[in-house]
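Working notes, beginning with the structure itself.
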Amino acid sequence: MSRPEDTLPPDLYYNDPVSRQYTTSSRIQKIQAQMTHRALQILNLPPSQSSHILDVGSGSGLSGAILTQRGHTWVGMDISASMLAIALQRGTGALPRKRRKLAQDMEMDVEDGIDDKQSNDEDAGDEEVEDEGEEDEIGDDAPCEGDLLLADIGQALPFRPGTFDAAISISAVQWLCQAESSDENDAPTRRLKRFFEALYVCLKRGGKAVMQFYPRNQKERDMVGTAARRAGFGAGFLVDAEGTKAEKVYLVCSVGGEDVTATIEAMEDVEIEGGAVGAGRGREQKGKFGKGEYKKGSKEWIMRKKERMERKGMVVKKNSKYTGRKRKVAF
Amino acid sequence: MKILTLNFLTCARKTCKSSPAAFPLHPRDAELEIVETEFNALFIQNILPRVEWDALKGLCTELGLTNVPPEAPEPKELFDTSIKSAGIDEKEKEPTQLTRDLHNLLLETTIQSGKLVCGNCGHEYAIKEGIANFLLPSHMV
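Chains A and B, in that order, give the protein sequences.
Here the UniProt record's numbering is used: the first sequence runs in plain steps of one and ends on residue 331.
Here the UniProt record's numbering is used: the second sequence runs in plain steps of one and ends on residue 141.
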């Protein structure tokens, strides 16, 4: 299983033929649609509201078409000009069935060549038989009405604060874990830091971001999670179909506002990992020290001890504002 | 690119982020086009408080659009309240002509090609076929 991230930078990897193949493959379409629906489910946007959504790594607008279907207005960003060109053709309805046919033919011609550098979506795909006739709801004809920007998410997001109600990203963040040059400014940690800081700014308070990505290993996953938390997000991972070939990792981030744990816990078949989603941790701590067991040496502990000694009739110093305070460091 | 999106875009350079001149970006040689989209009054209601009205007015003057109200509309102006008393459901409120005009201006008026210029650093972002290019050379990140 080769990863496309290992072969080329995203702007070069997604060239015209690869982009077209990616977009027209019904298998990828299906997986992308599933993941987008799942991400929207996790976002849990109020049903009556029509939101302004950022699609990070929008590609050819496969996920965007679903956002449009749901009545949201979105802005997509992608680094690959070829992908955006296809999104344009889809958007105006100018990508005819013919082209799709052509892409299929091409697929046959170069099957051997392209098969071994298939994208992650293929690799991680469910083992289902392709069925060309069905599942065409987000076919080439689906409108893609969002605004598109050609931009590198590892550089900056050019939006003013509070622009978006929510953000989604399908199979894009793993591209940030790659150093494209030896320049230290291009190191993955720096790119992730810039991305999450900019994302934090452009989401409104109470906004959420759900990012599906393919981490190479645990270390890479932690790196992304840490970067999100450092930028100020409440962040946690949600893993679907864990341990299988079709494993999907979602990074769920929230900006202030309510806690996302409750929403996630309410859903079925979900395991919460790296539970740094705010309140979860707090509860744990309370359980440990909650039943009258204060930390030894803390002010509460001293006060309780003094009270008990007083009740026993011992001589105890009067309480003052200095009780239980640390002494000043002499030097 | 929609006028609405333009109202949210700033210069991508880090050094410009703190400068008030980096927002809004000024369109140059812009070719406008009307792209019809589905009318959604709820979205207008949701996004309106976040639109910078002064910036929008400035942008429209630069683009030669004149039909912009001088003041940001109040939320209550978006829906026709007169029929509400007749017991119509909250969701089925009738949007006013003003809301339709806003939809036309913010979501249907798009820039097809041209440039966006940062008021602070003067960097030009090209727009081609409605897609703005925000890629920066590495020394400017």
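Beta carbons: idealized from backbone N, C-alpha and C, even for Gly.
Alpha carbon of residue i to alpha carbon of residue j, nearest angstrom
{"i": "A/A187", "j": "A/I153", "result": "14 Å"}
{"i": "A/S254", "j": "A/A198", "result": "14 Å"}
{"i": "A/Y22", "j": "A/S60", "result": "9 Å"}
{"i": "A/R3", "j": "A/A246", "result": "15 Å"}
{"i": "A/T73", "j": "B/A41", "result": "12 Å"}
{"i": "B/D80", "j": "A/A167", "result": "32 Å"}
{"i": "A/P161", "j": "A/R216", "result": "32 Å"}
{"i": "A/T163", "j": "A/K208", "result": "12 Å"}
{"i": "A/E137", "j": "B/E71", "result": "For A/E137, the predicted model reports a pLDDT of 42, less than 50, meaning its position is unreliable; a value from the coordinates is still stated below. Straight-line Cα distance between these residues: approximately 42 Å."}
{"i": "A/A33", "j": "A/T68", "result": "13 Å"}
{"i": "B/G119", "j": "B/P20", "result": "9 Å"}
{"i": "B/K2", "j": "B/H123", "result": "20 Å"}
{"i": "B/T96", "j": "B/C60", "result": "22 Å"}
{"i": "B/R139", "j": "B/F23", "result": "Inspection of the sequence shows that residue 139 of chain B is occupied by His rather than by Arg. When rounded, the distance between both Cα atoms is 22 Å."}
{"i": "A/M314", "j": "A/A330", "result": "31 Å"}
{"i": "B/H26", "j": "B/F39", "result": "27 Å"}
{"i": "A/L45", "j": "A/T36", "result": "13 Å"}
{"i": "B/D54", "j": "A/E242", "result": "50 Å"}
{"i": "B/F8", "j": "A/Y322", "result": "53 Å"}
{"i": "residue 332 of chain A", "j": "B/L63", "result": "Only positions 1 to 331 of chain A appear in this structure, which leaves residue 332 of chain A out of reach."}
{"i": "B/D101", "j": "B/T110", "result": "14 Å"}
{"i": "A/P158", "j": "B/C121", "result": "14 Å"}
{"i": "B/F43", "j": "A/R304", "result": "57 Å"}
{"i": "A/D140", "j": "A/W175", "result": "Summary for A/D140: the model assigns pLDDT 45, below 50, so the residue's position carries little reliability; its value from the coordinates is reported in the next sentence. In a straight line, the C-alpha of A/D140 is about 25 Å away from that of A/W175."}
{"i": "A/S19", "j": "A/D147", "result": "19 Å"}
{"i": "A/E300", "j": "A/K306", "result": "10 Å"}
{"i": "B/G87", "j": "B/E77", "result": "Below a pLDDT of 50, predicted positions are generally treated as unreliable, and B/G87, at 49, falls in that range; no measurement from the model is reported."}
{"i": "B/I131", "j": "B/R13", "result": "18 Å"}
{"i": "A/D183", "j": "A/R190", "result": "11 Å"}
{"i": "B/V68", "j": "A/R70", "result": "29 Å"}
{"i": "B/T66", "j": "B/A126", "result": "24 Å"}
{"i": "A/L40", "j": "A/K318", "result": "59 Å"}
{"i": "A/G282", "j": "A/G256", "result": "Unreliable placement is indicated for A/G282, whose pLDDT of 35 sits below 50; the coordinate value is still reported in the next sentence. Cα-Cα distance, rounded: 16 Å."}
{"i": "A/Q49", "j": "A/A172", "result": "27 Å"}
{"i": "B/E94", "j": "B/E52", "result": "25 Å"}
{"i": "A/S80", "j": "A/K295", "result": "55 Å"}
{"i": "A/V316", "j": "A/K328", "result": "23 Å"}
{"i": "A/N185", "j": "B/H103", "result": "41 Å"}
{"i": "A/D165", "j": "A/G225", "result": "21 Å"}
{"i": "A/S169", "j": "A/I66", "result": "13 Å"}
{"i": "A/Q218", "j": "A/C177", "result": "13 Å"}
Counted within 10 angstroms of its Cβ, other Cβ atoms place residue i as buried (16 or more) or exposed
{"i": "A/A12", "result": "Checking the sequence shown, residue 12 of chain A turns out to be Leu, not Ala. So A/L12 counts as exposed."}
{"i": "A/K286", "result": "Any reading at A/K286 must be qualified, since the residue scores a pLDDT of 35, below 50, and its modelled position is unreliable; the value itself is stated next. The residue in question, A/K286, is exposed, as its Cβ has fewer than 16 Cβ neighbours within 10 Å."}
{"i": "A/F233", "result": "buried"}
{"i": "A/L203", "result": "buried"}
{"i": "A/S25", "result": "buried"}
{"i": "A/R38", "result": "buried"}
{"i": "A/G76", "result": "buried"}
{"i": "A/E145", "result": "buried"}
{"i": "A/D109", "result": "With a pLDDT of only 40 at A/D109, under the threshold of 50, the placement of this residue in the model should not be trusted; the figure read from the coordinates follows. Per the 10 Å Cβ criterion, exposed."}
{"i": "A/R194", "result": "buried"}
{"i": "A/R325", "result": "exposed"}
{"i": "A/Q29", "result": "buried"}
{"i": "A/P10", "result": "buried"}
{"i": "B/T15", "result": "exposed"}
{"i": "A/R97", "result": "Because A/R97 carries a pLDDT of 37, less than 50, the predicted location of this residue cannot be relied on, and the following value inherits that uncertainty. So A/R97 counts as exposed."}
{"i": "A/M83", "result": "buried"}
{"i": "A/G297", "result": "exposed"}
{"i": "A/R221", "result": "buried"}
{"i": "A/T7", "result": "exposed"}
{"i": "A/T244", "result": "exposed"}
Expected contact under 8 Å - CB spacing of residue i and residue j to nearest Å
{"i": "B/E36", "j": "B/E129", "result": "Not really, about 17 Å apart at Cβ, beyond 8 Å."}
{"i": "A/S58", "j": "A/D78", "result": "5 Å"}
{"i": "A/L192", "j": "A/A227", "result": "4 Å"}
{"i": "B/Q45", "j": "B/P75", "result": "7 Å"}
{"i": "A/A156", "j": "A/F196", "result": "Not confirmed; about 12 Å, so no contact."}
{"i": "B/G114", "j": "B/E31", "result": "6 Å"}
{"i": "A/L238", "j": "A/I42", "result": "7 Å"}
{"i": "A/L150", "j": "B/N133", "result": "5 Å"}
{"i": "B/L106", "j": "B/L4", "result": "4 Å"}
Residues bridged to residue i (per DSSP)
{"i": "B/H26", "result": "B/V117"}
{"i": "A/K248", "result": "A/D240"}
{"i": "B/K2", "result": "B/T110"}
{"i": "B/P95", "result": "B/F79"}
{"i": "A/D147", "result": "A/V75"}
{"i": "B/Y125", "result": "B/L116"}
Cutoff 7 Å: residue i Cβ touching any chain D Cβ
{"i": "B/E129", "result": "Absent from the structure: chain D. Protein chains present are A and B."}
At a cut of 8 Å, does the region 211-218 of chain A reach the region 235-252 of chain A through at least three beta carbon pairs?
Touching, yes, given that three or more Cβ pairs across the two stretches are closer than 8 Å.
Meets three-Cβ-pair contact criterion under 8 Å: the region 61-68 of chain A and the region 80-90 of chain A
Because the criterion of three Cβ pairs below 8 Å is met, the region 61-68 of chain A and the region 80-90 of chain A touch.
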